[in-house]
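Encoded as structure tokens, the structure appears first; notes follow it.
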Amino acid sequence: MTIQTEKFDEIQATARHFGIDANKIEIVPAYQKNQAWMVKEIDRRWPTQVDSVAINPQNLSVISHAEFEKFPLVAKLIRWGIDAHMGVLFGLINQIILALFGISLCCIIVFRLRHVVEKKTTTSRQWFYTITSSLGSTFNTNKVSDCVNNFGIKFGTSSAWNQRDFILCF
Numbered sequence: 106m107t108i109q110t111e112k113f114d115e116i117q118a119t120a121r122h123f124g125i126d127a128n129k130i131e132i133v134p135a136y137q138k139n140q141a142w143m144v145k146e147i148d149r150r151w152p153t154q155v156d157s158v159a160i161n162p163q164n165l166s167v168i169s170h171a172e173f174e175k176f177p178l179v180a181k182l183i184r185w186g187i188d189a190h191m192g193v194l195f196g197l198i199n200q201i202i203l204a205l206f207g208i209s210l211c212c213i214i215v216f217r218l219r220h221v222v223e224k225k226t227t228t229s230r231q232w233f234y235t236i237t238s239s240l241g242s243t244f245n246t247n248k249v250s251d252c253v254n255n256f257g258i259k260f261g262t263s264s265a266w267n268q269r270d271f272i273l274c275f
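Each residue of the sequence shown is one higher than the one before, starting from 106 at the first, in our numbering.
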């Protein structure tokens, strides 16, 4: 079936008469003779305009109508949440806030990772020296290799440990 382009103006006029008043609308034509045309408001900015109507193309009567004002609260919150997340609800201000939030989140992640890596290397050395010095009466703390070998033998493990294995075991 071919779409009759002259129907677009008639459908739009009917939708405007029934309350579709947003500047941005979408008209979805019917590809079958027995189907309705859909006219939807697609303006996502505040105040949200997302009403829609289904129009019979034969007699230009409205078959169905959905008003955003009558949506349940949860549906409204979901719509506003999606629009805010996409940065279209409050326009440029919304996009600037989202960009600042994204940049600050990336900075927090990078600085935290840097902090953890620095703390891990410092803490590992401190643990090694704390353990070897606190166990000084049992172990020979003058030589790291003796300490590691004694530690391995004491717990029934191989005596072929190196310093890295000793640190990681704690």
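From the three backbone atoms N, C-alpha and C, an ideal C-beta is built for every residue, glycine too.
Best match in the options for proximity to residue i [C-alpha to C-alpha]
i    : options                : result
V155 : Q117, K181, F113       : K181
R51  : S166, Y136, I130       : Shown here, the chain extends from 106 to 275; a query on residue 51 therefore has no answer.
I116 : K138, L165, S157       : L165
G196 : F206, W151, A120       : W151
K138 : R184, G207, T107, F113 : T107
L194 : T153, A127, K145, D126 : T153
V133 : W142, Q200, G207, I214 : W142
H170 : C211, H122, Y136       : H122
E172 : E223, D126, L210, D188 : D126
Per DSSP, the bridge partner or partners of residue i
i    : result
K112 : For K112, which the question treats as bridged, DSSP gives no partner whatsoever.
I130 : E146
I160 : W142, V167
Q154 : D148
Within 9 Å, strictly: CB atoms of residue i and residue j
i    : j    : result
A159 : I168 : yes
K112 : P162 : yes
G192 : L203 : yes
Residue environment, residue i, which counts as buried when at least 16 other CB atoms sit within 10 Å
i    : result
V221 : exposed
S157 : buried
T110 : exposed
V179 : exposed
A118 : exposed
K145 : buried
A120 : buried
beta-carbon residue i near the ligand ZN non-hydrogen atom, thresh 8 Å
i    : result
I132 : Among the ligands in the structure shown, none appear at all, so the ligand ZN cannot be discussed.
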